[in-house]
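Structure first, then comments.
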Amino acid sequence: MALLNFKKRDAAGVQPVNPQVESFLQGYSIEVMPRTATKVEDFRDLLPEDTRVYVAHIEGTPIEDMVATAKKLNDQGFPVMPHFPARIIQDHAMLADWIARYQGEADVKQALLLAGGVKDPHGDFESSMQLLETGLFDKAGFSSLHVAGHPEGNRDIDPDGSDKNVVEALKWKQKFSERTDAKMALATQFAFEADPIIEWADALSDAGIDIPIHIGIAGPAKLQTLIKFAIACGVGPSLKVLQKRAMDVTKLLLPYEPTDVITKLAAHKTANPDFNITNVHFFPLGGIKTNANWAINNGGASAKPVNS
């Protein structure tokens, strides 16, 4: 069984769409950053109608750039979900200001709340739970609040390599979801193997956590690119898989495509309709256009761009 799907490019023509994959990709989302979003003039040429677009907030990115990106996407008809990384938000006043800017200038009604990749908090917040507890998103009438999920654990939260603290945090978020009318979901870090993803999702369900999962999937990219991002994001088991593949020099220049992992997850979803993974969330590590074109070629009607 191949651990990763690496594919030689060919000119054999358009392949038939797998109906299970087409169904699984319905309502997929994708992540952009302000600097990558500037490379796309019109997202309607690439994305289906109503595609949720997350805007990643990397430390040092001015809020003005974040809001401008959100406005561009909203103006083109896409629901925008900006990141709110707790550890780079200094205090309640800054959080309230960001919410007001997003709402006032880009009509944002959704947010992904996460701790963020910064080790030491810049101010009052260090976790997404603290952001939720402020009540500011509820007061502003946000309709969807997503939080992070970690199929391979998170060393920042559980330095010992266990998932104890991660699961406890998810249980807290589960209770929060039960006492609020906001639509909640887990948007996860990317992973490459279907079986461990399925095992992790089933374990959450067994623990009484039924928040829908939007599974993070790395879009098509070179192996070197995937390794770089895996190191930066602390994706442990997946990094080991990538490094093992990198030992085969013939694979270094072949493009990775997520066909294998998505096909397996789609088949599992078809066989188990109540499976708690409900959506795919793409990390376009090899570029937004490359990722969107893969979806168009594999997703049938589910990935048909607005301008098509």
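Under the numbering used here, the first residue of the sequence shown is numbered 21, with each subsequent residue one higher. All residues carry an ideal CB built from backbone N, CA and C; glycine is no exception. These numbers were taken from a predicted model, which means no experiment stands behind them.
Thinking C-beta only, is residue j closer than 8 Å to residue i?
| i | j | result |
| --- | --- | --- |
| Asp-111 | Gly-143 | yes |
| Gln-96 | Asp-140 | no |
| Ala-312 | Leu-66 | yes |
| Phe-303 | Ala-238 | yes |
| Thr-71 | Pro-54 | no |
| Pro-216 | Pro-171 | yes |
| Leu-133 | Leu-165 | yes |
| Ala-221 | Ile-233 | yes |
| Ser-163 | Lys-203 | yes |
| Val-41 | Ile-218 | no |
| Val-37 | Gly-320 | yes |
| Ile-109 | Leu-115 | yes |
| Ala-126 | Lys-91 | yes |
| Lys-309 | Val-60 | yes |
| Lys-248 | Gly-306 | no |
| Ala-207 | His-301 | yes |
Can you tell me whether residue i is helix, strand or coil according to DSSP?
| i | result |
| --- | --- |
| Gln-110 | coil |
| Val-157 | Val is not the amino acid found at residue 157; the sequence shown has Phe there. In the structure shown, Phe-157 sits in a helix (DSSP, three-state: H, G or I). |
| Phe-210 | strand |
| Lys-129 | coil |
| Lys-203 | strand |
| Glu-49 | The sequence given here places Ser at residue 49; Glu does not occur at that position. The answer is strand: DSSP assigns Ser-49 an E or B state. |
| His-166 | strand |
| Pro-275 | strand |
| Asp-144 | coil |
| Gly-320 | helix |
| Leu-243 | helix |
| Ser-225 | helix |
| Leu-66 | coil |
| Glu-172 | coil |
| Ser-328 | coil |
| Val-60 | coil |
| Pro-39 | helix |
| Gln-194 | helix |
| Lys-139 | coil |
| Ala-22 | A caution first: Ala-22 carries a pLDDT of 44, below 50, which makes its placement in the model too unreliable to give a value. |
| Thr-290 | helix |
| Gln-96 | coil |
| Pro-82 | coil |
Leaving out five residues on either side along the sequence, give the residues of the same chain with a beta carbon under 6 Å from the beta carbon of residue i.
| i | result |
| --- | --- |
| Ala-57 | Thr-89 |
| Leu-285 | Ala-214 |
| Phe-44 | Ala-286, Lys-289 |
Which partner residues of residue i appear in the DSSP bridge assignment?
| i | result |
| --- | --- |
| Phe-303 | Ala-238 |
| Ile-308 | Note: Ile-308 sits in no beta bridge, so no partner. |
| Val-75 | Val-52, Pro-102 |
| Ile-231 | According to DSSP, which records beta bridges pairwise, Ile-231 is partnered with nothing at all. |
| Ile-297 | Ile-233 |
| Leu-134 | Pro-105 |
Classify residue i: buried if its beta carbon has 16 or more other beta carbons within 10 angstroms, exposed otherwise.
| i | result |
| --- | --- |
| Pro-240 | buried |
| Lys-193 | buried |
| Pro-293 | exposed |
| Ser-328 | exposed |
| Lys-159 | exposed |
| Asp-223 | The sequence shown places Ala at residue 223, not Asp. It counts as exposed. |
| Lys-289 | buried |
| Gly-169 | buried |
| Pro-105 | buried |
| Gln-244 | exposed |
| Asp-280 | buried |
| Ser-225 | exposed |
| Gly-161 | exposed |
| Phe-227 | According to the sequence provided, residue 227 is Ala. The question's Phe does not apply to it. So Ala-227 counts as exposed. |
| Gln-209 | buried |
| Ala-120 | exposed |
| Ala-31 | Low confidence applies to Ala-31: its pLDDT is 43, below 50, so where it sits in the model is not reliable enough to give any reading. |
| Gln-130 | buried |
Residues in its own chain within less than 8 Å of residue i by CB, not counting five upstream and five downstream?
| i | result |
| --- | --- |
| Ala-73 | Looking at the sequence provided, one finds Val at residue 73 rather than Ala. Excluding residues within five positions, the ones whose Cβ falls inside 8 Å are Ser-49, Ile-50, Glu-51, Val-52, Phe-63, Leu-67, Leu-93, Phe-98, Pro-99, Val-100, Met-101. |
| Met-21 | For Met-21, the predicted structure reports a pLDDT of 37, less than 50, and the residue's modelled location is therefore unreliable. The matter cannot be settled from this model. |
| Gly-188 | Here the sequence assigns Glu to residue 188, which means Gly is not the residue at that position. So the list is empty, once near-sequence residues are dropped. |
| Pro-325 | Arg-64, Asp-65, Leu-66, Leu-67, Pro-68, Ala-312, Ile-316 |
Let me check you understand the geometry: is the CB of residue i closer than 7 Å to at least one non-hydrogen atom of the ligand ZN?
| i | result |
| --- | --- |
| His-103 | The ligand ZN is not part of this structure, which contains no ligands at all. |
By Cβ distance, which residues of its chain are closer than 7 Å to residue i, with the 5 residues on each side in sequence left out?
| i | result |
| --- | --- |
| Gln-46 | Ser-322 |
| Glu-146 | Ala-106, Arg-107, Ala-135 |
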